[in-house]
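Input: a single structure, listed below in structure tokens.
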Amino acid sequence: MKEKQQNSTEELAARHYQPGDYEKDDQLSSGLATTHEQVSDSYMEGEIAAPFNKEKTKNVESSNEGYQDYYS
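Numbering follows UniProt numbering, with no gaps: position 21 of the sequence shown is 21.
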């Protein structure tokens, strides 16, 4: 029993996204297709750079105003 469960979890962990996952009805395929779509959307959207990253100087510090209680 334990060996059978070990084999099924290894098979599950080795599963990767396939384009056909969009047409399948099982939970794993649906999850992989959804995750692939989210990652693809995020990648295509690009990075939203913070304003202090646009400065040409290296020693620019960001303002942590409003977060004093969080970092103390």
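From the three backbone atoms N, C-alpha and C, an ideal C-beta is built for every residue, glycine too.
All figures in this text were calculated on a predicted structure; none of them were measured in a lab.
Cα-Cα separation, residue i to residue j
{"i": "GLU10", "j": "GLU45", "result": "34 Å"}
{"i": "SER8", "j": "SER40", "result": "28 Å"}
{"i": "TYR17", "j": "GLU47", "result": "24 Å"}
{"i": "GLU29", "j": "TYR43", "result": "Here residue 29 is Ser; the residue named in the question, Glu, does not match the sequence. Distance between the alpha carbons of SER29 and TYR43 is about 21 Å."}
{"i": "GLN27", "j": "GLN38", "result": "16 Å"}
{"i": "PRO19", "j": "HIS36", "result": "10 Å"}
{"i": "ARG15", "j": "GLY31", "result": "12 Å"}
Status (buried if at least 16 other CB within 10 Å, exposed otherwise) for residue i
{"i": "ASP25", "result": "exposed"}
Whether residue i touches residue j by CB criterion (8 Å)
{"i": "ALA13", "j": "ASP21", "result": "no"}
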